[in-house]
Amino acid sequence: MEWSGPGTSRERERESLSRDDLAAFLSFLDDVASRNATEYTDTLIAILQEDRRDIVREAIIGTLKNLRDPSMPEKVVALFCSPDLTLRNAAVTILASQWQAPLDALTQSLKSPNKHIRKLALDALYALGNPILVDIIASALEDEDVNNVIAAVEYIAGLGGRKYAGQILEVLQKARDPFLIATCLEALGKLGDPRAAKAVQELFPDPAELPEFLLPSYLRFVAGCGSREDLARVCHLAARWGQVFYKEILDALSALLARNGALDPSEQEMVGDCLRGLLKTPIPSPNKYEILLLLARVDREGVVHEARVFLHNDDPLLRIAALEAIAEAGIVSCYGDVERLLATETDEDVRRCAQDVLEKLGGAG
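Residue numbering for the sequence shown follows this note's numbering, beginning at 8 and increasing consecutively.
So this is what it looks like as structure tokens:
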């Protein structure tokens, strides 16, 4: 289907078609997209605002996303001012498909006196997924609206803008809004700048005093760039919050152990006690699986007790965890325990794991 230019009787016919013959209108949109018929940009944007049918709006959005029209970004940005949330979100979606084309329009939108328009511009810039846009997004770190600062911090981290870790740390040091504090902590953890570890330790010398809802963000920060000194802090938090934040605690401990190498005897005892305490709580089996393997790394000799206990657990996953812990720690003294398990085990996955462990231990012996 082909139409004459906008503003003609053909356009009016097309507008009628959008309401009366949906199949033909959708076919028309396919033709517009395939020909990159940018002369219809204005009329498609107009119909997008007028026709509230989801199928029509989705089809127009899909067409506009595929058009390469240098004039379109500025026209679509105007939808940021619409009272219709669907249109505002549609503008973000369309602009996100245009790569660098909408940069000028979005950069200007960041200077709008309307905080909501500035936020939509940030959303669209981030949705473009282009790392070079970090510099533009970073200008919003000084936005007067805290929600826009939160968005800027999150988006900088999402685009890997590590050079802005220092500025995000400055925002954190001045922050009073709890959601901004949480976002800064998680962003710094994601960016992985080790210089942030000491500064955060000074800001929060006793993380146990943090509000409960900030603890997951703090633990994610520690997982991302915490230092050896944070081991004690995490273990202390685990004693009180282990049943609630076990995933974040385990992620933090695993990351700290990976970064800091062998533990001294006091650290080994501290982390071992922490992990054993978590094993006694009613947390999910996949997390207990992880704990057993961590314990095998931390306390290769002491884990034999837990391994033997969990070889008899009713959960096949935890029997496998015990077997893998035995293999990880190379506990030759458990060879007979594994043989006895294999003699009665009915779960095929556990049996295969036990056979592999026996081969490994036999070679070690």
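Backbone N, C-alpha and C define an ideal beta-carbon position, used for all residues, glycine too.
On the three-state DSSP scale, how would you describe residue i?
i: Thr93; result: helix
i: Asp58; result: coil
i: Ser234; result: coil
i: Leu86; result: helix
i: Asp280; result: helix
i: Lys126; result: helix
i: Phe252; result: coil
i: Lys118; result: coil
i: Gln362; result: helix
i: Pro77; result: coil
i: Asn267; result: helix
i: Ile139; result: helix
i: Asp321; result: coil
i: Ser104; result: coil
i: Gly337; result: coil
i: Pro218; result: coil
i: Asp354; result: coil
i: Pro223; result: helix
i: Glu9; result: Caution applies to Glu9, whose pLDDT of 41 falls short of 50 and renders its modelled position unreliable; the model cannot decide the point.
i: Asp213; result: coil
i: Thr288; result: coil
i: Pro272; result: helix
i: Gly369; result: helix
i: Glu20; result: Caution applies to Glu20, whose pLDDT of 48 falls short of 50 and renders its modelled position unreliable; the value that the coordinates give is listed next. Reduced to three states, the DSSP call for Glu20 is helix.
i: Gly69; result: helix
Given a cut-off of 9 angstroms on the beta-carbon distance, is the pair residue i and residue j in contact?
i: Lys367; j: Ala334; result: yes
i: Leu71; j: Val83; result: yes
i: Gly309; j: Leu302; result: yes
i: Glu161; j: Ala194; result: yes
i: Ala134; j: Thr114; result: no
i: Thr45; j: Asp76; result: yes
i: Ala246; j: Gly284; result: yes
i: Phe252; j: Leu264; result: no
i: Leu166; j: Leu140; result: yes
i: Leu198; j: Ala172; result: yes
i: Gly196; j: Arg227; result: yes
i: Arg125; j: Asp152; result: yes
i: Gln6; j: Ile290; result: Beyond the ends of the chain as shown, which are 8 and 372, falls residue 6; an answer cannot be given.
i: Asn96; j: Leu74; result: no
i: Ala336; j: Val364; result: no
i: Tyr225; j: Leu217; result: yes
Taking 9 angstroms as the threshold (beta carbon to beta carbon), is residue i in contact with chain B?
i: Gly249; result: Of the protein chains in the structure, only one exists, and it is not chain B.
Looking at the secondary structure, which residues open and close the alpha helix (DSSP H) in which residue i lies?
i: Asp295; result: Residue identity check: residue 295 is Lys in the sequence provided, not Asp. Per DSSP, Lys295 belongs to the alpha helix (DSSP H) from Ser292 to Val305.
i: Gln174; result: Ala172 to Lys181
i: Arg202; result: Arg202 to Leu210
i: Val153; result: Val153 to Gly165
i: His312; result: Val310 to Phe317
i: Thr190; result: Pro185 to Leu198
i: Asp344; result: Tyr342 to Thr351
i: Leu148; result: Segment: none, Leu148 is in no alpha helix (DSSP H) and carries neither H nor E.
i: Ala31; result: Leu29 to Arg42
Where does residue i land, buried or exposed, given buried means 16+ other C-beta within 10 angstroms?
i: Leu55; result: buried
i: Asp322; result: exposed
i: Asp271; result: exposed
i: Ala66; result: buried
i: Gly12; result: Low confidence applies to Gly12: its pLDDT is 41, below 50, so where it sits in the model is not reliable, and the reading given next is rough at best. Classification of Gly12: exposed, given that the 10 Å Cβ count is below 16.
i: Gly268; result: exposed
i: Phe220; result: exposed
i: Gln105; result: buried
i: Gly14; result: Legend: pLDDT at Gly14 = 45, less than 50; position of this residue unreliable, value from coordinates given subsequently. Result: exposed.
i: Asn155; result: buried
If you drop the 5 nearest sequence neighbours on each side, which residues of the same chain put their C-beta closer than 7 angstroms to that of residue i?
i: Ala361; result: Leu330, Val345, Leu348, Leu349 and Glu352
i: Met8; result: Residue confidence is low: Met8 scores 37 on pLDDT, short of 50, so the model does not pin down where it sits. Its coordinate-derived value is still stated next. So the list reads Ala31, Ser34, Phe35 and Asp38, once near-sequence residues are dropped.
i: Ala206; result: Leu176
i: Arg315; result: Cys341 and Asp344
i: Phe186; result: Ile157
i: Asp306; result: Gln275 and Gly279
i: Asn294; result: Tyr253, Lys254 and Leu257
i: Cys281; result: Cys242 and Ala245
i: Asp354; result: Pro323
i: Phe317; result: Leu299, Leu325, Arg326, Ala328 and Ala329
Excluding the 5 residues preceding and the 5 following residue i in the sequence, name in chain order all residues of the same chain whose CB lies nearer than 6 angstroms to its CB.
i: Arg240; result: Pro214
i: Ala262; result: Ala230
i: Met79; result: Thr48
Only counting the same chain, and skipping five residues up and downstream in sequence, which positions put a Cβ closer than 8 angstroms to that of residue i?
i: Asn320; result: Arg326 and Ala329
i: Glu313; result: Arg283, Leu286, Leu299, Leu302, Ala329 and Ala332
i: Ile378; result: Absent from the model: residue 378. The displayed extent of the chain is 8 to 372, so no value can be given.
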